[in-house]
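Written out below as structure tokens is the structure these notes cover.
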Amino acid sequence: MDYTLFKIINGWAGHWPALDLLVRMFVNDYFIPSTMSLGLLFLWFGGQTMEERDRWQRAVIESVLSLFLANALVKLFNAIIFRPRPYLGHNVRMLFYHPSDSSWPSNPAAVTFAIAATIWLYDRRAGAVMLALAGLMALARVVAGVHYPGDVLGGALLGMGVAYGLYRQGNRLRPYIEWLIYWGRQLHLA
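Numbered according to this note's numbering, the sequence shown terminates at residue 614, and the numbering increases by one at each position without gaps.
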């Protein structure tokens with residue numbers, strides 16, 4: 425079923441130049457992660473009240489922690505399980521370079537969904553924008569031929585699971601996060 429769905433989604437590539445251009449923009453390692461980083465920067469310095477600013481700053485710190493933890497877990501899975509990329513065993517329409525690491529779970533999906541889910545847990549509106557960006561990147565990875573749908577689903581679930589797990593540990597993490605925010609403010613970085 426994973427390969428069947430992959431063939432359908434990857435079949436969109438190469439037919440419409442405008443779609444290919446968008447996919448190339450969303451699949452690359454810079455556009456969506458950079459956009460999300462700018463969103464985190466906005467949240468870090470944003471907030472109309474001190475309470476909102478505190479909440480957003482906690483969300484930003486937790487999202488960065490989620491990113492690192494999700495990335496570490498992907499690396500652990502990749503060391504244990506190697507799933508070949510779709511282009512290694514199938515005729516694929518490629519719109520991206522040929523990554524050589526394991527296809528499952530998708531690291532870009534894991535880290536973008538870790539960030540997005542963390543923000544969503546703190547602010548639904550900002551989180552919805554981040555989740556949409558993460559979803560676009562995940563879909564683009566399949567259209568571009570570098571991941572199976574199961575790879576991006578696995579990465580997304582891993583990232584969201586990490587985000588939720590850290591959020592649930594909020595009371596244990598809170599003193600450290602508040603310490604980081606305090607020193608950020610002392611150094612005029614927050």
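C-beta: ideal position from N, C-alpha, C; glycine also.
Burial state of residue 552, where buried means 16 or more other Cβ atoms lie within 10 Å
Stepping through the sequence shown from its first residue, residue 552 is reached at position 128. With fewer than 16 other Cβ atoms within 10 Å, it is exposed.
Taking the alpha-carbon of residue 604 as reference, which of 524, 478, 532 has the nearest alpha-carbon?
Counting from 1 along the sequence shown, the entry for residue 604 is found at position 180. Nearest of 524, 478, 532 to residue 604, Cα basis: 478.
Give the straight-line distance between the Cα atoms of residue 436 and residue 556, rounded to the nearest whole angstrom.
Here the question's residue 436 lines up with position 12 in the sequence shown. Here the question's residue 556 lines up with position 132 in the sequence shown. Computed Cα separation, rounded: 20 Å.
Whole alpha helix (DSSP H) elements within the segment 463-539, 4-residue minimum
474-504, 510-513
Determine contact between the segment 459-474 and the segment 589-602, defined as no fewer than three beta-carbon pairs at a distance below 8 Å.
no
Nearest neighbour of residue 450, chosen from 581, 430, 514, 519 [CA to CA]
Within the sequence shown, residue 450 is the residue found at index 26, counting from 1. When only C-alpha atoms are compared, the closest one is 519.
Reduced DSSP category for residue 570 - H, G, I as helix; E, B as strand; rest coil
Within the sequence shown, the letter at position 146 stands for residue 570. Note: residue 570 maps to coil in three-state DSSP.
Around the Cβ of residue 599, are there at least 16 other Cβ atoms within 10 angstroms (buried) or fewer (exposed)?
Sequence index remark: in the sequence shown, residue 599 carries index 175 (1-based). Burial call: exposed.
Let me confirm a value: residue 536 is counted as buried when at least 16 other C-beta atoms fall within 10 Å, else exposed. Which label applies?
Within the sequence shown, the letter at position 112 stands for residue 536. Its Cβ being crowded by 16 or more others within 10 Å, residue 536 is buried.
State whether the segment 525-545 contacts the segment 489-507, with contact taken as three or more CB pairs (one from each stretch) at a distance under 8 Å.
yes
Is residue 610 helix, strand or coil by DSSP?
Position 186 of the sequence shown, counted from the first residue, corresponds to residue 610. Residue state, collapsed to three classes: helix.
Nearest to residue 507 by CA position, among 613, 606, 467, 570, is which residue?
Here the question's residue 507 lines up with position 83 in the sequence shown. Closest by alpha carbon: 570.
Residue 460: buried (16+ other C-beta within 10 angstroms of its C-beta) or exposed?
Mapped onto the sequence shown, residue 460 falls at position 36. Under this definition residue 460 is a buried residue.
Do you know offhand how far residue 585's Cα is from residue 445's?
Taking the first residue of the sequence shown as position 1, residue 585 is located at position 161. Taking the first residue of the sequence shown as position 1, residue 445 is located at position 21. Cα-Cα distance, rounded: 32 Å.
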